[in-house]
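Peer 1: Supplied in structure tokens, the structure appears directly below.
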Amino acid sequence: MDRLRMALIGGGGAGFIGKVHATAATLDRQAELVAGALSSNPEKAKSAAIPFGIAPERAYESYDALLESESRRDQHDRADFVSIATPNHTHFEIASAALRAGFHVVCDKPMTTTLKDAQELVELAESSDRVFALTHNYSGYPLMRQAREMVAAGEIGDVIAVRVSYAQGWMHGVDPTATPSRGAWKSDPEKNGPGGSLGDVGTHAFHLASFVSGLEPRTLLSQMNSYSHHHQLDDYGHAVIRYDNDATGLVTWSQVTHGRLNDLSIEVDGTRAALSWQQESPNQLFVRSLGKPTQIYERNPNAGYSSPAAIAACRLPGGHPEAFFEAFANVYRDAFADMRRVNAGQPTPLEPKLYPTVHDGMQGVRFLTRCLESHQQDSRWQTW
Ligand SMILES: NC(=O)c1ccc[n+]([C@@H]2O[C@H](COP(=O)([O-])OP(=O)(O)OC[C@H]3O[C@@H](n4cnc5c(N)ncnc54)[C@H](O)[C@@H]3O)[C@@H](O)[C@H]2O)c1
């Protein structure tokens with residue numbers, strides 16, 4: 001199988017998630033990193049490419065230089081897809097330019113900083129024949145895929161409630177105005193967009209609730225706060241959701257919970273049973289039913305109870321822990337299958353897909369926008 005060629009935007013120097021993209025995309029040796037524009041600073045962009053193993057002639061000073069130069073390369077040599085791991089305010093312009101130049105796109109979240117841009121990007125992606133994947137990577141965990149299949153098959157009955165909480169605590173220790181550091185842009189509304197922790201972790205939590213439950217909101221209300229004195233944006237908040245089947249959703253996000261590292265957890269209540277899962281112990285899924293002992297589903301591709309999607313998302317036998325990189329790589333692997341189909345001139349399966357698409361990106365930005373609107377109107381209910 002020919003490897004797909006990856007071009008990475010962002011991730012140079014101390015940049016965090018770009019390195020995760022580079023590792024996850026190449027984990028299964030289905031892709032190789034061939035080009036990059038890794039920083040907004042032209043000199044750093046070139047020097048940062050060295051540890052990534054990118055050839056000097058394909059280490060570009062800017063993303064537009066990358067798109068222009070890669071477009072001119074021979075079809076069998078140019079990058080197939082562009083991965084965007086830059087601050088939020090750049091996603092729309094880079095993703096639009098990459099689609100227009102004919103590249104598949106893998107973009108990090110939140111997809112854009114405004115609903116208008118998200119709508120435009122949906123139209124652009126739909127009018128192109130390119131694949132657009134969004135790295136809501138928590139949906140790549142085998143047991144989240146198992147949970148989704150169990151819910152869809154009615155194994156927990158009808159869903160009556162979904163609770164997702166995403167708590168971190170690092171913001172207590174940071175003053176980005178005093179010591180500019182990695183991620184300082186997250187406190188700048190111009191670069192981050194209007195939703196602070198809401199955009200950073202709230203959109204992940206919302207996506208996971210949608211992914212597992214299969215539900216779409218009808219209305220929501222939200223309330224948020226900013227507790228860290230230097231921060232101009234929300235760092236704590238919650239949204240109450242009424243889903244289309246009348247189920248209730250509660251999404252909580254925080255980056256000011258002392259001691260919490262990356263504590264994403266989800267619980268889905270059904271009329272017959274309830275599911276729960278925690279990202280920091282991702283290889284176990286709990287199923288509870290009144291009057292019965294709690295069942296623990298292990299991530300184990302050889303267990304008879306593992307669902308097809310969970311088995312397909314595993315690389316190692318049970319008991320050999322898989323986690324963040326593997327889940328991230330699953331988003332890539334599923335998007336690669338579609339990229340290969342498109343490259344071969346074949347049709348791709350219709351949505352819903354296992355990997356998050358431009359439509360999921362749009363839903364995330366809609367969630368962010370409705371939460372902000374509700375908060376600004378004293379937590380009034382908003383129509384989805
Ligand atoms: N999926 C996830 O789990 C996850 C985790 C963290 C961050 N993110 C998202 O990823 C994005 C990046 O976040 P981060 O934490 O890695 O930020 P970061 O500040 O650590 O890294 C940003 C990188 O982008 C580079 N950069 C900035 N502007 C650029 C430009 N115009 N062209 C090329 N490179 C540019 C910087 O040099 C840096 O290397 C954000 O949108 C964030 O929301 C996603």
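1 is the number of the first residue of the sequence shown in our numbering; add one for each residue after it. The beta carbon of each residue, even a glycine, is placed where N, CA and C say it ideally should be.
Please tell me whether, using a cut-off of 6 Å, the distance from the CB of Gly12 to the nearest non-hydrogen atom of ligand 1 is below it.
Peer 2: Correct: Gly12 has its Cβ closer than 6 Å to ligand 1.
Peer 1: With DSSP run on the structure shown, which of helix, strand or coil describes Ser222?
Peer 2: Reduced to three states, the DSSP call for Ser222 is strand.
Peer 1: Which stretch, first to last residue, makes up the alpha helix (DSSP H) that contains Thr388?
Peer 2: The question about residue 388 has no answer here: the residues shown for the chain are numbered 1 through 384.
Peer 1: Since Leu215 contacts Val159 with CB under 8 Å, what's their CB separation in whole angstroms?
Peer 2: Contact flag correct, Cβ pair sits at about 6 Å.
Peer 1: Any heavy atom of ligand 1 closer than 6 Å to the Cβ of Asn302?
Peer 2: No - ligand 1 has no heavy atom lying nearer than 6 Å to the Cβ of Asn302.
Peer 1: Tell me which same chain residues have a C-beta within less than 7 Å of the C-beta of Leu285, skipping the five on either side of it?
Peer 2: Counting only Cβ-Cβ distances below 7 Å, and skipping sequence neighbours, we find Leu143, Gln146, Ala147, Leu275, Trp277, Tyr297.
Peer 1: Considering only heavy atoms of ligand 1, does any lie closer than 6 Å to the CB of Asp108?
Peer 2: True, at least one ligand heavy atom lies under 6 Å from that Cβ.
Peer 1: With respect to the beta strand (DSSP E) encompassing Arg252, which residues constitute its N-terminal and C-terminal limits?
Peer 2: As written in the sequence, residue 252 is Thr, which differs from the Arg given in the question. 248 to 254 is the span of the beta strand (DSSP E), which, as asked, contains Thr252.
Peer 1: Quick check on DSSP: helix, strand or coil for Ser276?
Peer 2: Of the three classes helix, strand and coil, the one that applies to Ser276 here is strand, per DSSP.
Peer 1: How do the stretch 64 to 84 and the stretch 364 to 382 stand: do at least 3 beta-carbon pairs fall below 8 Å, yes or no?
Peer 2: No: the two stretches stay apart, fewer than three of their Cβ pairs being nearer than 8 Å.
Peer 1: Short of 7 Å in beta carbon distance, which residues of its chain neighbour His258, apart from the five on each side in sequence? Order them along the chain.
Peer 2: So the qualifying residues of the chain are Gly169, His172.
Peer 1: Below 6 Å CB to CB, which residues in the same chain sit around Thr135 once its five sequence neighbours on both sides are set aside?
Peer 2: Excluding sequence neighbours, Thr135 sits near Asp108, Val331.
Peer 1: Kindly give me the distance between the Cβ atoms of Gln223 and Gly237, rounded to whole angstroms, as I take these residues to be in contact under 8 Å.
Peer 2: Sure, about 6 Å apart at Cβ, within 8 Å.
Peer 1: With distances taken between CB atoms, is the gap from Glu61 to Ala48 smaller than 7 Å?
Peer 2: In this structure, Ala48 does not lie closer than 7 Å to Glu61 by Cβ.
Peer 1: State yes or no: is the C-beta of Ala85 nearer than 6 Å to some heavy atom of ligand 1?
Peer 2: Yes.
Peer 1: Given Asn137, which residues of its chain have a CB within under 6 Å of its CB, disregarding the five upstream and five downstream residues?
Peer 2: Same-chain partners within the cutoff: Ala327, Phe328, Val331.
Peer 1: Would you call Arg272 buried or exposed, if buried means 16 or more other Cβ atoms sit within 10 Å of its Cβ?
Peer 2: With fewer than 16 Cβ atoms within 10 Å of its Cβ, Arg272 is classed as exposed.
Peer 1: In whole angstroms, what separates the C-alpha of Ser40 from that of Gly11?
Peer 2: Each residue's alpha carbon lies about 10 Å from the other.
Peer 1: Comparing the CB of Thr90 with every heavy atom of ligand 1, is any distance shorter than 6 Å?
Peer 2: Yes - ligand 1 has a heavy atom lying nearer than 6 Å to the Cβ of Thr90.
Peer 1: Measure from the alpha carbon of Ser289 to the alpha carbon of each residue in Leu124, Ala97, Val268, then state which is nearest.
Peer 2: Among Leu124, Ala97, Val268, the Cα nearest to that of Ser289 belongs to Val268.
Peer 1: Confirm the yes/no value for this check: CB of Tyr63, any heavy atom of ligand 1, distance under 6 Å.
Peer 2: Within the cutoff, so yes.
Peer 1: Quickly, what does DSSP pair Val162 with across the bridge? List them, please.
Peer 2: According to DSSP, which records beta bridges pairwise, Val162 is partnered with Gly249, Val268.
Peer 1: List, from N- to C-terminal side, the alpha helix (DSSP H) runs of 4 residues or more that fit wholly inside the stretch 8 to 48.
Peer 2: Runs of the alpha helix (DSSP H) inside the stretch 8 to 48: 17 to 26, 42 to 47.
Peer 1: Given Leu221, which residues of its chain have a CB within under 6 Å of its CB, disregarding the five upstream and five downstream residues?
Peer 2: For Leu221, where only same-chain residues beyond five positions count, the Cβ hits under 6 Å are Val240, Ser374, Ser379, Trp381.
Peer 1: Out of Asp129, Met6, Gln30, point me to the one whose CA is closest to Arg78's CA.
Peer 2: Checked all of Asp129, Met6, Gln30; the closest Cα to Arg78 is Met6.
Peer 1: Is Asn262 a contact residue of ligand 1, with contact defined as CB to any heavy atom under 6 Å?
Peer 2: Checking every heavy atom of ligand 1 against the Cβ of Asn262, none is found closer than 6 Å.
Peer 1: Measuring only the C-alpha atoms, how far is Arg130 from Asp360?
Peer 2: Going from the Cα of Arg130 to the Cα of Asp360 covers about 16 Å.
Peer 1: Applying the criterion that 16 or more other CB atoms from any shown protein chain within 10 Å of the CB defines a buried residue, is Glu190 buried or exposed?
Peer 2: Under this definition Glu190 is an exposed residue.
Peer 1: Spell out the partners DSSP gives Met6 in its beta bridges.
Peer 2: Per DSSP, Leu33, Phe81.
Peer 1: If contacts are defined as beta-carbon pairs under 8 Å, then Val4 and Asp80 qualify, I think. What distance do you get, rounded to the angstrom?
Peer 2: Residue identity check: residue 4 is Leu in the sequence provided, not Val. So it is a contact: roughly 4 Å between Cβ atoms.
Peer 1: When you compare only the Cα positions, how much space is there between Asp263 and Glu120?
Peer 2: Taking the straight line joining both Cα atoms gives about 33 Å.
Peer 1: On the DSSP letters alone, give me the boundaries of the beta strand (DSSP E) that Arg58 sits inside.
Peer 2: Run containing Arg58: none; DSSP gives neither H nor E here.
Peer 1: Measure from the alpha carbon of Pro356 to the alpha carbon of each residue in Ala133, Asn245, Thr114, then state which is nearest.
Peer 2: Checked all of Ala133, Asn245, Thr114; the closest Cα to Pro356 is Ala133.
Peer 1: If we ignore side chains and look at the alpha-carbon of each, how far apart do Leu208 and Ala55 end up?
Peer 2: When rounded, the distance between both Cα atoms is 37 Å.
Peer 1: Going by other Cβ atoms of all chains shown within 10 Å of its Cβ, with 16 needed for buried, is Phe16 buried or exposed?
Peer 2: The residue is exposed, with fewer than 16 neighbouring Cβ atoms inside 10 Å.
Peer 1: Would you kindly work out how many angstroms separate the C-alpha atoms of Asp235 and Pro352, rounded to a whole number?
Peer 2: So the two alpha carbons sit approximately 31 Å from each other.
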